[in-house]
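Protein chains in written order, with our numbering: chain B, 1 to 153; chain V, 1 to 706.
In this text, a Cβ means the ideal position worked out from N, Cα and C, and glycines have one as well.
As the structure is a computational prediction, the values presented were derived from the model and not from experiment.
Encoded as structure tokens, the structure appears first; notes follow it.
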């Protein structure tokens, strides 16, 4: 098995895994970064969303050999700043129920707001529609996003 | 803050406990509790029931004996103790219990957690408070009437002297446990009824919370299991040569549910599992398709069924002007599909088993695992872990038994992870059903007749008790006890058998019966040429809590307002789990596409422990109900489930979520259930709204227009 050196949350990690291993399982099993969740394995649910060079990507379909020099941020990386406005708003609005999908929701939104602090309703809808929540916290996610983007306007 | 507190106090607690175990327990109201068998009372810990410990540092630990599935039980149950104990909420440490009969029933299901803990948890807090006050009074040599408790202290009214709970632990532990302690009057509640933030939210957001799937134990291998695609099939033979040649694969073993691959990572276990060559005996169901099962139900629609309720005469001769309406309603199999796939960690060694399971029935997990391994139950420990959604799926512990069997067979601790595909294909499904409805209204629009014959497989009959008498059929849930005053009624049911594993899904038969009932009541309202809200209202008794929520829903939703073409409002009501719910759905239908704009949800669940959690449950119930009504359908082909992931078993998405306005009735009735009550009215309110918008009556779910 080859070695891969990955930049995750601004730190370098060297892992020995098969080419073709999805980043998701490298994060979870090799590095113990379990904040990135397994939900569907087919990039449908969005639970496993991470940032690759600032862009939201589904780590369950991202092969480890395709990461290269790219910088990966996981929810643990984002949470190095627990005062990030998304976390604060999510807590204020008590968005979460079971919480399993929330890292994916938050990473998806964080990437969007990073690239575009004032997204249109349509841009928000496009980004968020592909992250599933079975508990049905969408209503509160929308309210929280409205609050976050309203403050920026 | 909570988190740091957790760490410190737990360390301290372990230190204290290491000195000696046990404590003092209230046997009177904790069923089956057995800890008092330990005679070694620890003076440093005051534990007036199995749900509470106070140590000499004043650390108050509440033990939550139910499972946190996202419904907020880890926050709501401790609130009950904190309220009566008079202790600062922020200082409470919350601990998840293991499976143990000493806690009483630990099933997290049937919307029971608050309803059944309402007395024992409050009594725990109140009894502890009284004992601490007694202890302080005795130290001060004053009457207990001169003392009161506040924020973790007992205060002497005569001189304002204070003693902290920690200082009183030793003294209180020696006291006899008082009986029949008086609980607070609801008007004096300080915490109950407040929007207290959930204790576990921040860690979940930061990716720090450990769900079952995230837990690792030292030395654990990763396991995946291959199961027969046709339900009821078996392994005939298998060839593991290729699987074993793959990197990371450690072992391949056969267990009761299939062939397991054990590897050094989840990914390797999945790959190994995919490389297995298995010859299946597809079993007796290998030719069964959905239509075969539907045909069984269709056959029964021609029969009468066993009548649970019979009032007046449903066959009374038709009078002049009487308008008769008949319809057949139908719902398919659906599944829970929580985002976290089933998984379990098991360590079976030296005749003992230890499991970490996201289970709604941890005590059953213990029993089931003991039985499967041939162990004594005392040799099985089940730790309850956070569940990434459950919705009833985790009431069945198949995943725990599988994990234990794999660990035993390989002699290694293992973490079994199901793939999403397996989660869809090997679930325990909400049964399909058909409903024959007949009814009539008089020429002046009064209801005359209503009959409902439900045909569905019975969960109890299929899984636990084949001889279940018809009077006790579980399929009657949501059909009987209707509050509507209709002079002639007949409510009946027929069960059918199916090879498809069935089980409880959030609100169980309320997911289907109220759809049929409340849609058909709508049909009768239109037949009577009456407004659907008023038609219902006029059939309900004046003192009815259901009528009250119906009225409030009509008012809050602006029922009766003029709507543009293509828009419609639908109303539905339901009483269940000691709670009362009315919903108004507002939809827009364009080109046969349904857009759900808004739900107005009114609930009367008696005293609300935490309004924010309750509202979140109601909002979530709309998403769950709409997923089922608009999309949910499990179909069977060649004996197995066809769907495999969220692409062919879609659930509601962000853009499809309507605005949900939740209103609740403020009263002091005893607490009702919250987790499930919001499901049943969702589908009929939706379909009644679609009818109002289009004139098309939806009688089969999921909704298909055009």
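> For residue 645 (chain V), which of V:605, V:486, V:599 and V:426 has the nearest alpha-carbon?
Replying inline: The option with the nearest alpha carbon to residue 645 (chain V) is V:426.
> How many whole angstroms separate the CB atoms of residue 615 (chain V) and residue 597 (chain V), which I take to be in contact at a CB cut-off of 8 Å?
Replying inline: The C-beta distance from residue 615 (chain V) to residue 597 (chain V) rounds to 19 Å, too long to fall under 8 Å, and the pair is not in contact.
>> Can you find the residues in the same chain that come closer than 7 Å, C-beta to C-beta, to residue 244 (chain V), ignoring five residues on each side of it along the sequence?
In response: Excluding sequence neighbours, residue 244 (chain V) sits near 252.
>> Rounded to the nearest angstrom, what separates residue 203 (chain V) and residue 49 (chain B) at their Cα positions?
In response: Each residue's alpha carbon lies about 17 Å from the other.
>> Please identify the residue among V:334, V:591 and V:353 whose C-alpha is closest to the C-alpha of residue 635 (chain V).
In response: Taking only the C-alpha atoms, the option nearest residue 635 (chain V) is V:334.
>> Please identify, using Cβ separations under 9 Å, the residues of the segment 467 to 479 of chain V that lie next to chain B, in order along the chain.
In response: Of all residues in the segment 467 to 479 of chain V, none has a Cβ within less than 9 Å of some Cβ in chain B.
> How would you list, in chain order, the residues of chain V whose beta-carbon sits under 7 Å from the beta-carbon of residue 67 (chain B)?
Replying inline: In chain order: nothing, as chain V lies at least about 15 Å away.
> residue 202 (chain V) touches chain B at which residues, Cβ-Cβ below 8 Å?
Replying inline: Correct list: 82, 87 and 91.
> With burial defined as no fewer than 16 other Cβ atoms inside 10 Å of the residue's Cβ, what is the status of residue 397 (chain V): buried or exposed?
Replying inline: Residue 397 (chain V) is buried by the Cβ-count criterion.
>> What does the alpha-carbon distance come out to for the pair residue 340 (chain V) and residue 71 (chain V)?
In response: Per the coordinates, the alpha-carbon of residue 340 (chain V) lies some 15 Å from the alpha-carbon of residue 71 (chain V).
>> Just to make sure I have the definition right: I need the residues of chain B whose C-beta is within less than 7 Å of the C-beta of residue 419 (chain V). Which are they?
In response: Within 7 Å Cβ-Cβ: 41.
>> Starting from residue 79 (chain B), trace the alpha helix (DSSP H) in both directions and tell me its first and last residue.
In response: Careful: residue 79 (chain B) lies outside any alpha helix (DSSP H) and carries neither H nor E.
> My guess is that residue 679 (chain V) and residue 511 (chain V) are in contact by the Cβ rule of under 8 Å, so how many angstroms apart are they, rounded?
Replying inline: For residue 679 (chain V) against residue 511 (chain V), the beta-carbon gap comes to about 6 Å, under 8 Å, which counts as contact.
> Leaving out five residues before and five after residue 31 (chain B) in sequence, what residues of the same chain have Cβ atoms less than 8 Å from its Cβ?
Replying inline: So the list reads 8, 13 and 15, once near-sequence residues are dropped.
> Taking one C-beta from the segment 49 to 59 of chain B and one from the segment 70 to 78 of chain B each time, how about it: are there three or more such pairs within less than 8 Å?
Replying inline: Counting C-beta pairs with one atom in each stretch, the segment 49 to 59 of chain B and the segment 70 to 78 of chain B have three or more that are closer than 8 Å, which means they touch.
> How would you write the range of the beta strand (DSSP E) that residue 163 (chain V) sits in, first residue to last?
Replying inline: For residue 163 (chain V), the enclosing beta strand (DSSP E) has its first and last residue at 162 to 164.
> Is DSSP giving residue 286 (chain V) helix, strand or coil here?
Replying inline: Residue 286 (chain V): coil per DSSP, three-state reduction.
> Contact between the segment 532 to 550 of chain V and the segment 365 to 379 of chain V: three or more CB pairs below 8 Å?
Replying inline: Contact fails: fewer than three Cβ-Cβ distances are below 8 Å.
> Can you round the beta-carbon distance between residue 117 (chain V) and residue 80 (chain V) to whole angstroms, since I take them to be within the 8 Å contact cut?
Replying inline: Distance from residue 117 (chain V) to residue 80 (chain V) at the Cβ level is roughly 6 Å; contact confirmed, criterion being Cβ atoms closer than 8 Å.
> Taking residue 133 (chain V) as the reference, which of V:164, V:476, V:185 and V:530 has the closest Cα?
Replying inline: Closest by alpha carbon: V:164.
> In the DSSP assignment, what residue or residues form a beta bridge with residue 307 (chain V)?
Replying inline: In DSSP, residue 307 (chain V) forms a bridge with V:492.
>> Taking beta-carbon pairs under 9 Å, can you tell me which members of the segment 182 to 208 of chain V lie near chain B?
In response: So the close ones are 195, 197, 198, 200, 201, 202, 203, 204, 205, 206, 207 and 208.
> Below 9 Å between beta carbons: does that hold for residue 73 (chain V) and residue 95 (chain V)?
Replying inline: One thing to note: residue 73 (chain V) has its Cβ no nearer than 9 Å to the Cβ of residue 95 (chain V).
> Just the Cα atoms here: how many angstroms apart are residue 112 (chain V) and residue 275 (chain V)?
Replying inline: Looking at the two C-alpha atoms, the distance is approximately 44 Å.
> Got a sec, what are the start and stop residues for the alpha helix (DSSP H) residue 108 (chain B) sits in?
Replying inline: Its alpha helix (DSSP H) spans residues 102 to 115.
>> On a Cα-Cα basis, can you pick out the residue from V:502, V:198 and V:46 that is closest to residue 92 (chain B)?
In response: The shortest CA-to-CA distance from residue 92 (chain B) to any of V:502, V:198 and V:46 is the one to V:198.
> In chain B, which residues lie with their C-beta within 8 Å of the C-beta of residue 647 (chain V)?
Replying inline: Ordered by position in chain B, the residues that pass the 8 Å Cβ test against residue 647 (chain V) are 42 and 44.
> Going along chain B, which residues have a C-beta under 8 Å from residue 619 (chain V)?
Replying inline: Going along chain B in sequence order, the residues near residue 619 (chain V) (Cβ under 8 Å) are 136, 137, 139 and 140.
>> Less than 9 Å between the beta carbons of residue 263 (chain V) and residue 249 (chain V), yes or no?
In response: Yes, the Cβ-Cβ distance between residue 263 (chain V) and residue 249 (chain V) is below 9 Å.
> Quick one, which residues of the segment 103 to 114 of chain B are near chain V if we go by CB-CB under 7 Å, in chain order?
Replying inline: Those would be 103 and 106, in chain order.
> Buried or exposed: which applies to residue 399 (chain V), given that a residue is buried once 16 or more other Cβ atoms fall within 10 Å of its Cβ?
Replying inline: Burial call: buried.
> Hey, residue 631 (chain V) and residue 702 (chain V) are a contact pair by Cβ (cut 8 Å); roughly how many whole angstroms apart?
Replying inline: Residue 631 (chain V) to residue 702 (chain V), Cβ: 5 Å. Contact.
> Do you know how far the Cα of residue 569 (chain V) is from the Cα of residue 666 (chain V)?
Replying inline: The C-alpha of residue 569 (chain V) is placed about 26 Å away from the C-alpha of residue 666 (chain V).
> Does any residue of chain B bring its CB to less than 9 Å from the CB of residue 492 (chain V)?
Replying inline: Not one beta carbon of chain B lies nearer than 9 Å to the beta carbon of residue 492 (chain V).
>> Am I right that residue 41 (chain B) and residue 420 (chain V) are in contact with their C-beta atoms under 8 Å? What's the rounded C-beta distance?
In response: Right, the Cβ-Cβ distance comes to about 6 Å (below 8 Å), so this counts as a contact.
>> My output table needs one value for residue 706 (chain V): the three-state DSSP class, helix, strand or coil.
In response: In the structure shown, residue 706 (chain V) adopts coil according to DSSP, grouped into three states.
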